[in-house]
Amino acid sequence: MTKNQALYEYALRLGDTSLVLGHRLSEWCGHAPLLEEDIALSNMALDLIGQSRLMLAYAGTLEGKGNDEDALAYHRDARQYRNLLLAEQPNGDFGYTIARHFLLSAYLVTLYQKLTKSSDETLNGFAQKSLKEMIYHLRHASDWMLRLGDGTPESKQRVQESLDACWLFTDDFFDADAVDAILQDGTAPDLADIKTTWLVTVTSVITLAGLQIPATTNGFMRSGSRKGNHTEYLGHLLADMQFIPRAYPGTKW
Amino acid sequence: MEATVTADMLEREKAFNDRIARGEVIEPKDWMPERYRKQLIRMMSQHAHSEIVGMLPEGNWITRAPSLSRKASLLAKVQDEAGHGLYIYSATETLGVDRLELTQQFLDGNAKYSSIFNYPTLSWADIGAIGWLVDGAAIVNQTALAKCSYGPYSRAMLRICKEENFHHKQGYQILSIMMQGTAEQKEMAQDAVNRFWWPSLMMFGPSDANSPNSEELMRWKVKLHSNDDLRQRFIDRTVPQGEAIGLTFPDDKLKYSETTRSYEWGQINWDEFKAVVSGNGPCNKQRMQARKTAEENGQWVRAAAEAYAAKHYN
Ligand SMILES: [Fe+2]
Ligand SMILES: [Fe+2]
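Chains A and B, in that order, give the protein sequences. Each residue of the first sequence is one higher than the one before, starting from 10 at the first, in our numbering. Each residue of the second sequence is one higher than the one before, starting from 1056 at the first, in our numbering.
Take a look at the structure:
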């Protein structure tokens, strides 16, 4: 694998995760528990879709086959998608969406912080811009973790169950492979470092919320996003998302 | 005792009517007749509910938008509508009701919302048609309301109209691009206009002769133009826009008159309008159900937020 190929894969991982997570959040629009949350979740979805456009456009350039953001978003199948597995999990109840967003935004904040020091100019610029957005996402999700964890007995139980369910997909965040190895030249951070910082961040909020860190030692953890081994949910998400460009090839909208 | 109160009330009401006649703006702390307050609450809350229900037909296409930029702009548009709802609810609260109470009336089926949102969005072109026609009609209505006698409502309309103008442009652009596309795309765009044209005209409400609240609202300058006037204004500005991109309208009576410098047109199906307003439109049940489900599913979340606030902010 060349450095260019590694960067392409890396850009897809970032771009696909933002896109799929943004898509999931956008499904809340019009259905949230509070009007204020309709607005907040849509806002965050917009941030993520914006991020994905930057990264997919970059991936297209690196790939060099003339694919733009839309060609990559709408004309790859699930097996070619590189988003983190947790991002594609269905919204569940509001507590699940919050737990999912909490774990993922804590990860992306940590990752983007490191990427602001990347020697790759595009990744660097992307991270500078996106970090500010993700810090807001993490604050929003953390605030809700506290409210739900320390709210009513029902909310505590619900959010704990969601946290446990989401936790299964967190090893996938740190599943370093050859791509990461090649980019250890100052382009991308060491995922082991990211994991340490991430764990400190999420532990402090989970503890403050009166919740338990899910047990991992006996639990079976899911991963596979690096190789496009997804859960069954992604295919349905893409079927929705890609319907028009697939049904009417070569058209402009 | 009672006689003095009545005399006093009459005095105040006369002073109020004089203020209106002079074109003064009424602010929340000013005295106002109970009936004026009630009518405004009814109108403004209906308007707010419409913004919220209006999120549903367009929200239906967010996950299926045909490009990432379209996805982002549709999402931003629907989010704007949520913001409008929130803003108008706040303006309504200045009249001494709260949002919870208004939302409850709506969920109980005791408040109306714009009939247009009970029509389904069947293709991507519908997103264009809604932006162009529905936001277009809303602009005509809201530009007039921006000059209404109640300060908070008028200011809300001013602010909202800016965003509606943007929505209107975006919708028109969606249809323009489709009209330059393949035969299938053109057909889709035309079909959307065929389905949304008459319901958009119905958005202005019944003819003035059959509009029970019109007379009173116009006397108080809550409404400054009749439903029919606004509808005509909408037709006159919209038809040339459609023709410019090759769209036609499903009305064989539609014709420009040089004498009136205005369009003559056919007849609204008022039976359809009545059916939709009374709950029997194509999507009334689904729209109400979607809002009820959101409300029910959110109950435990709101309860948690309240419990948390009680523990930590008291
Ligand atoms: Fe609006
Ligand atoms: Fe609008």
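Just so it is clear, CB atoms sit at the ideal spot from N, CA and C, and this is done for glycine as well. Quick caveat, the model's predicted, so the values are computed rather than measured.
Give the straight-line distance between the Cα atoms of residue i and residue j, rounded to the nearest whole angstrom.
i	j	result
A:F111	A:D189	24 angstroms
B:S1281	B:M1258	13 angstroms
A:D95	A:Q122	Note on residue identity: the sequence assigns Leu, not Asp, to residue 95 of chain A. Straight-line Cα distance between these residues: approximately 21 angstroms.
A:A108	A:D56	18 angstroms
A:K138	A:D173	31 angstroms
A:K204	A:H239	21 angstroms
B:L1200	A:Q251	41 angstroms
B:E1351	B:L1095	28 angstroms
B:L1141	B:L1285	25 angstroms
A:L28	A:Q60	8 angstroms
B:V1152	B:Y1144	9 angstroms
B:Y1168	B:Q1160	11 angstroms
B:K1310	B:E1319	5 angstroms
A:S213	A:T206	11 angstroms
B:A1166	B:S1266	17 angstroms
A:H40	B:G1138	14 angstroms
A:D47	B:Y1227	26 angstroms
B:L1150	B:R1092	7 angstroms
A:L93	B:Q1197	45 angstroms
B:S1105	A:L50	20 angstroms
A:P223	B:N1173	45 angstroms
Taking 7 angstroms as the line, does the beta carbon of residue i fall inside it for any heavy atom of ligand 1?
i	result
B:E1106	yes
B:H1139	yes
B:A1146	no
B:I1185	no
B:A1193	yes
B:I1323	no
B:Q1081	According to the sequence shown, residue 1081 of chain B is Ile rather than Gln. No, since every heavy atom of ligand 1 falls outside the 7 angstroms radius drawn around the Cβ of B:I1081.
B:I1215	yes
Should residue i be counted as a contact of ligand 2 given a C-beta to heavy atom distance under 7 angstroms?
i	result
B:E1218	yes
B:A1103	no
B:D1135	yes
B:H1222	yes
B:D1035	The structure shown does not extend to residue 1035 of chain B, since chain B spans only 1056 to 1369, so no value can be given for it.
With a threshold of 16 other CB atoms inside 10 Å of the CB of residue i, please say whether the residue is buried or exposed.
i	result
A:P198	buried
B:V1248	buried
B:M1064	exposed
A:R62	buried
B:W1252	buried
A:R33	buried
A:T11	exposed
A:H84	exposed
A:L243	buried
B:E1270	exposed
B:K1043	Outside the displayed span of chain B (1056 to 1369) sits residue 1043 of chain B, for which this structure offers no information.
A:R91	buried
B:P1372	Residue coverage of chain B in this structure runs from 1056 to 1369, which leaves residue 1372 of chain B outside it and unanswerable.
A:L217	exposed
A:G219	exposed
B:M1233	buried
A:M230	exposed
B:E1113	buried
Of all Cβ atoms in chain B, is any one closer than 8 angstroms to the Cβ of residue i?
i	result
A:N52	yes
A:L16	no
A:C175	no
A:W262	yes
A:A80	no
A:I253	yes
A:D249	yes
A:Y240	The sequence shown places Thr at residue 240 of chain A, not Tyr. With 8 angstroms as the cut-off, A:T240 does not count as an interface residue toward chain B.
A:Y90	no
A:I215	no
A:E170	no
A:L155	yes
Establish whether the CB of residue i and some CB of chain A are separated by less than 8 angstroms.
i	result
B:I1117	yes
B:L1123	yes
B:K1310	no
B:T1237	yes
B:N1352	yes
B:I1037	In the structure as shown, chain B starts at 1056 and stops at 1369, and residue 1037 of chain B therefore has no counterpart that could be examined.
B:L1111	yes
B:W1179	yes
B:W1355	yes
Cβ-based contacts, 8 angstroms cut-off: residues of the stretch 1130-1141 of chain B near chain D: Among the protein chains of the structure shown, namely A and B, there is no chain D.
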